[in-house]
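23 is the number of the first residue of the sequence shown in our numbering; add one for each residue after it.
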Amino acid sequence: MTPSSLTSSSLSPAHEDFKLRTLAQDAGVALVIQILGIILLYVVQVTLAQWMGGVQYGIYQYVISWSALLGLPAGLGFPRAVLRLFAEYRVKQDWGRLRGIARSSWWLTVGASLGLAAIAAVLVLVINYSHPFAYAVPLLMGLGLIPLQALLQLQLSTARAMKDVTLAYAPSRILWPVVTLCGGYGLLAQMGQVTGISMVAISTLALTLVLGFQLGLMFQRFNDQVEPAPAIYMNRVWLGISVVLLIQQAFATILNQTDVIMVGSFVGPEAAGIYSASVKTGLWVSFVLQTVNMVAAPAFATLYAQKDMAGLQRVVSQVTLWIFWPSMAIAAILLIWTEPILGIFGPSFVAANWWLKVLVVGQLVNALCGSVGSVVIMTGYQNQSAHIFGYSALLNVGLNFLAIPTLGAVGAAIATSITVVIWNLWLSQLVVREVGIHCSIFYALRHRRDGDDGAALEGATIGPGVTESVAAESIATEASATEAVATEASATEASATEASATEASATEPSATEASATEPSATEPSASTIVPDVPDSPATATETPPADANPSDPDA
């Protein structure tokens with residue numbers, strides 16, 4: 023036994039294969055939810071576009087985009103903070119802080135979102151009084167969606183942190199579209215027409231019902247998983263973490279919402295509706311990435327909290343391989359059959375042919391860079407990556423501002439794709455330098471072929487980019503392990519001497535004593551084997567039932 027074997031935190035092959043199988047099973051459930059969600063999204067969008075026409079559908083999408091954008095600051099960054107801190111507190115079995123952040127994050131989100139909605143209402147009224155504009159009434163009607171969008175993201179992340187993919191995504195991906203479509207059909211049957219304002223009202227009511235249903239299930243699930251303990255509140259510390267994550271998430275959302283909003287502002291609502299359809303269609307390329315990240319992100323946080331860098335690299339590489347081929351196949355389908363796919367929305371949507379092709383290229387690069395965004399968040403490098411998101415968001419706004427007046431909506435597609443490529447490559451470089459983890463498909467394919475994936479980190483938890491605090495802890499662990507080896511060697515030698523001295527008179531008892539002491543000498547230390555997250559009966563190995571109703575992109 024060597025010191026390096028004692029300090030290694032990698033799992034045994036059988037245990038690691040079991041965890042990967044569990045991760046694959048959870049990803050399969052998430053894949054079903056994602057596929058159903060995207061199908062429902064298409065059904066809802068196509069149906070609403072046909073019921074409402076280009077102009078009214080564009081108004082509806084314009085309001086939904088604004089509510090999603092404003093829902094981010096209303097959430098105060100807690101969705102991502104909860105996802106990461108839940109894993110940390112569960113590893114430490116810190117049930118008091120776990121209960122505290124669950125309660126504080128929900129109530130702080132409600133208060134902040136209501137305040138932001140009130141401020142937005144005043145601004146819309148003031149602007150409309152000075153310069154009347156067509157979107158004023160729809161925007162006022164859609165303000166109720168701001169707190170709902172904020173709670174949607176928070177409850178989604180909380181359920182993900184509780185390792186329940188179905189509870190996290192089925193309400194927003196399955197129930198909300200179904201209830202919205204049923205409400206729209208009822209309105210059409212009763213009134214004979216559907217407008218953008220009426221659909222905003224129906225979507226608001228539908229989301230309210232869905233979130234209430236999800237919250238009730240989450241409350242029961244949370245109490246089953248978390249042991250009873252007095253809640254401990256550290257709001258100042260949590261806000262310090264969440265605000266940085268909020269800034270980062272806001273920049274990421276700007277990357278995904280700015281183009282639709284600017285197309286609507288510069289070109290008009292009809293172009294915004296058509297362009298929005300092409301954006302949603304382009305997301306097919308990255309839907310496998312989003313699906314796998316649903317279940318992989320908590321695993322990233324847990325492995326990093328346990329300092330298992332070799333295990334983290336293996337999981338990241340395996341996840342990247344799961345993403346690669348499906349994303350390539352989807353991109354090829356969209357590039358070859360662009361017009362027939364867009365024609366599903368209606369004849370006028372075929373005009374987005376080249377817009378979609380450009381967006382597909384950007385999303386393909388996003389998928390091939392792997393789970394780089396999730397790794398940055400789950401390993402706590404939000405401060406180091408915030409400037410990347412900020413500069414990328416500013417670049418996206420600037421490129422759209424320059425390209426849309428000149429090239430129209432295709433300029434928005436070009437600007438957005440260029441930004442997505444730069445953003446992903448920049449983040450990949452940061453993760454390699456700071457965390458010591460490679461997320462790209464090229465690394466995963468090369469090391470899978472060589473059969474040494476994760477070997478560079480085997481036997482030492484220190485990677486080239488790991489922080490000094492982790493390095494110091496690992497050095498201390500190695501020193502402790504060396505001392506343990508020396509102690510074990512001395513104990514073994516003393517035991518052997520004693521056995522030799524007493525062999526003639528008491529060979530059998532001596533053998534019995536050696537047998538009794540051997541397990542404690544060879545018992546692996548806690549740093550040798552990394553167990554599953556030590557929580558209540560719901561562990562990392564559980565999967566939602568096979569018959570359960572089986573995804574936001576996080577963007």
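Don't be surprised by glycine CBs; every beta carbon is placed ideally from N, CA and C.
This structure is a prediction, so every number in the text was calculated from the model and none was measured.
Segment contact: the region 228-247 against the region 98-105, fewer than three CB-CB distances shorter than 8 angstroms; contact not assigned.
In the three-state reduction of the DSSP assignment, S298 falls in the helix class, which pools H, G and I. Assignment of P362 by DSSP, reduced to helix, strand and coil, places it in the helix class. Distances from the CA of F322 to each of V341, I440, F309, S308 were compared; the closest alpha carbon is that of V341.
When F288, W347, P250 are compared, the shortest CA-CA separation from L424 is found for F288. S135 and L91 have their C-alpha atoms spaced approximately 12 angstroms apart.
With fewer than 16 other beta carbons inside 10 angstroms of its own, S152 counts as exposed.
K329: not part of any alpha helix (DSSP H); DSSP gives it neither H nor E. When only Cα atoms are considered, V201 and Q67 end up about 14 angstroms apart. Annotation: the continuous alpha helix (DSSP H) that includes C204 extends over 198-213. The Cβ-Cβ distance between Q404 and V266 falls below 8 angstroms.
Nearest to R112 by C-alpha distance, out of V419, A354, P320, is P320.
For V248, the secondary structure class from DSSP, reduced to helix, strand or coil, is coil. Following the DSSP letters along the chain, one finds I276 inside the alpha helix (DSSP H) bounded by residues 257-288. For K379, the enclosing alpha helix (DSSP H) covers residues 375-390. DSSP, read as helix, strand or coil, puts D48 in helix.
Between L138 and N418, the alpha-carbon positions lie close to 25 angstroms from each other. A direct Cα-to-Cα measurement between L189 and M400 gives close to 21 angstroms. Here A466 is buried, its C-beta having at least 16 other C-beta atoms within 10 Å. Where T217 is concerned, there is no enclosing alpha helix (DSSP H), because DSSP gives it neither an H nor an E. Here the alpha carbons of I436 and V380 stand approximately 6 angstroms from one another.
Sixteen is the threshold: since fewer than 16 other Cβ atoms of the shown chains lie within 10 Å of the Cβ of C204, the residue is exposed.
Assignment of M184 by DSSP, reduced to helix, strand and coil, places it in the coil class. For the pair of segments examined, the region 101-121 was found not to touch the region 143-157: the number of CB pairs separated by less than 8 angstroms stays below three. Taking every protein chain shown into account, the CB of P291 has 16 or more other CB atoms within 10 angstroms, so this residue is buried. Taking C-beta separations shorter than 6 angstroms and ignoring five residues to either side along the sequence, the partners of L62 in its chain run P199, following chain order. Scanning its chain for C-beta atoms nearer than 6 angstroms, with the 5 sequence neighbours on each side dropped, one finds around I269 the residues A408, in chain order. Under the three-state reduction of DSSP output, F241 falls in the helix class. Sequence-distant partners of T180 (beyond 5 residues in either direction) whose C-beta falls short of 6 angstroms from its own C-beta, in its chain, are V104. Cβ neighbours of G433 within its own chain (closer than 6 angstroms, five residues either side excluded): A425, I426. Ranked by Cα distance from I168, the first of G93, V222, Y207 is G93.
Excluding residues up to 5 positions away in sequence, Q177, T180, A181, M184, L189 lie with their Cβ nearer than 8 angstroms to the Cβ of M240 in the same chain. In the three-state scheme derived from DSSP, where H, G and I count as helix and E and B as strand, I254 is classed as coil. A contact between stretches requires three or more CB pairs, one per stretch, nearer than 8 angstroms, and the region 269-287 fails this requirement with the region 354-363. Cβ contact annotation for A293 (same chain, cutoff 6 angstroms, sequence separation greater than five): V285, A431, in chain order. Its chain contains I345, A389 as the residues whose beta carbon lies nearer than 6 angstroms to that of L311, once the 5 sequence neighbours on both sides are disregarded; these appear in chain order.
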